[in-house]
Amino acid sequence: SFRFERIYKNALNEVILRRVLNLIVFLDGAKRGEVIPSSVLLFRKAAMVKSSQDFLHILCRDYISGIGHLPKYLAQVGVTVSFQQDPLDELEFTVSNLASDRRDGVRLGKLAEILGRSNGVLEQMRLPAISRLQKVFNVGVSLSALSCLGIPNVDNIHPNYIVDGHR
């Protein structure tokens, strides 16, 4: 009975591992192929792991012995995982308080992208903006983008005013 139990556990572990790997590969491909919308995150904002490859490394390190570099092994059999969740993916653009929500410049940058029907403003920013210097830089990028769109009186606003919360 002990032999049967050991064979059963090994087979069960193999099935579980195969299903977890299938799930990782499926979600990675769906996210890269934009089947899953950009508003849906694969990894939590507070998570230490933000990429499929890092997840496979941890899975291999903690639960699978003797394989080594799992993404490299999967690539040899024709399976690649390369999704990485950027800080830009984790941003929320809802505004609840006009004075405080625009201080980091990100929402102003999104507004400039929407008004200009273009991308690239948010990609120029330093995200996540932690320091005051980064916030001033981001607001400056947003204001210059809004100025290029011909928004009146934007040139008179200094980025420090917005970062300080002046309305």
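Numbering (my numbering), first residue to last: 2 to 168.
Glycine is no exception: its CB is placed at the ideal position from the N, C-alpha and C atoms.
Take residue i as the anchor and find which of the options has the nearest alpha-carbon.
| i | options | result |
| --- | --- | --- |
| F56 | V36, H159 and F84 | F84 |
| I59 | S101, L22, I37 and G141 | L22 |
| D102 | M49, K32, D165 and A47 | D165 |
| N139 | I8, A48, K111 and R4 | K111 |
| N120 | I131, L71 and A146 | A146 |
| L128 | R118, L99 and E93 | E93 |
| Q86 | G69, S66 and K51 | K51 |
For residue i and residue j, which I take to be in contact (beta-carbon distance under 8 Å), what is that distance rounded to the nearest angstrom?
| i | j | result |
| --- | --- | --- |
| I25 | V107 | With a Cβ gap of about 30 Å, I25 and V107 do not count as contacting. |
| D90 | A130 | The Cβ separation is near 16 Å, so there is no contact. |
| L75 | L116 | 43 Å between Cβ atoms; not a contact. |
| S143 | L109 | 4 Å |
| I68 | L18 | Not a contact, Cβ separation roughly 10 Å. |
Please list the terminal residues of the continuous alpha helix (DSSP H) segment that includes residue i.
| i | result |
| --- | --- |
| S145 | R133 to C149 |
| E3 | Note that residue 3 is Phe in the sequence shown, not Glu. Its alpha helix (DSSP H) spans residues F3 to R33. |
| G117 | V107 to G117 |
On the three-state DSSP scale, how would you describe residue i?
| i | result |
| --- | --- |
| S52 | strand |
| Q85 | strand |
| A100 | helix |
| A47 | coil |
| I163 | helix |
| D90 | helix |
| I152 | coil |
Counting pairs of Cβ atoms below 8 Å between the stretch 151-167 and the stretch 130-139, do you hit three or more?
The answer is yes - the stretch 130-139 touches the stretch 151-167, with three or more Cβ pairs under 8 Å.
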